[in-house]
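Encoded as structure tokens, the structure appears first; notes follow it.
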Amino acid sequence: MEAYYVYMLRCRGGSLYTGMTNDVARRMAMHCSGRGAKYTRAHPPEALAALWRCGDKITASRLEYAIKAKLTHGQKETLAAAPGRIGEWFPALPAEAVTTLPAGKEFPIFANQT
Numbered sequence: 288m289e290a291y292y293v294y295m296l297r298c299r300g301g302s303l304y305t306g307m308t309n310d311v312a313r314r315m316a317m318h319c320s321g322r323g324a325k326y327t328r329a330h331p332p333e334a335l336a337a338l339w340r341c342g343d344k345i346t347a348s349r350l351e352y353a354i355k356a357k358l359t360h361g362q363k364e365t366l367a368a369a370p371g372r373i374g375e376w377f378p379a380l381p382a383e384a385v386t387t388l389p390a391g392k393e394f395p396i397f398a399n400q401t
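Position one of the sequence shown corresponds to residue 288 (the working numbering), numbered consecutively onward.
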């Protein structure tokens with residue numbers, strides 16, 4: 288089964304963008320080069336704020352939707368500050384289906400940005 292990822296990007300101006308992919312490096316490169324989502328073309332990403340690996344595409348899609356549609360901006364900020372607490376925000380998600388991964392400016396695509 289192919290892993291899918293849900294991510295939150297910290298964009299110019301301080302906003303957060305949430306998306307999903309099955310290839311994090313490729314998707315980050317697309318966002319940073321202006322070939323990603325319409326939102327990130329207008330608000331370029333500056334750092335990977337949070338990253339979760341999901342067991343399948345359905346789980347990733349549900350998590351992405353839940354973050355985008357059910358959380359306020361303030362709640363998204365709180366989640367980005369403590370991504371390991373994802374299960375507290377969405378207890379219906381099976382704990383074994385979502386794993387928090389390291390994120391931040393140290394992610395390779397953002398290493399050369401200031």
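We treat Cβ as the ideally placed atom computed from N, Cα and C, and that holds for glycine. Every value quoted in this text rests on a predicted model; they were computed, and no experiment measured them.
Exposed or buried, residue i, counting other C-beta atoms within 10 Å across all chains shown (16 or more means buried)?
i	result
Thr365	exposed
Gly229	Outside the displayed range of the chain (288 to 401) lies residue 229, so it cannot be described from this structure.
Ile345	exposed
Gly374	exposed
Ala356	exposed
Lys325	exposed
Tell me which residues share the same chain as residue i and place their Cβ nearer than 6 angstroms to its Cβ, disregarding the 5 neighbours each side in the sequence.
i	result
Gly342	Ala384
Gly323	Met317
Strictly by DSSP, which residues pair up with residue i?
i	result
Tyr292	Thr308, Arg340
Arg297	Leu303, Ala334
Have a look at the options and flag the residue whose alpha-carbon is nearest the alpha-carbon of residue i.
i	options	result
Met307	Thr359, Ala290, Ala368	Ala290
Asp310	Pro378, Ala329, Trp339	Trp339
Exercise. Considering only residues of the stretch 333-376, which uninterrupted alpha helix (DSSP H) runs meet the minimum length of 4 residues and lie entirely inside it, listed in chain order?
Worked result: 344-357, 360-368, 373-376
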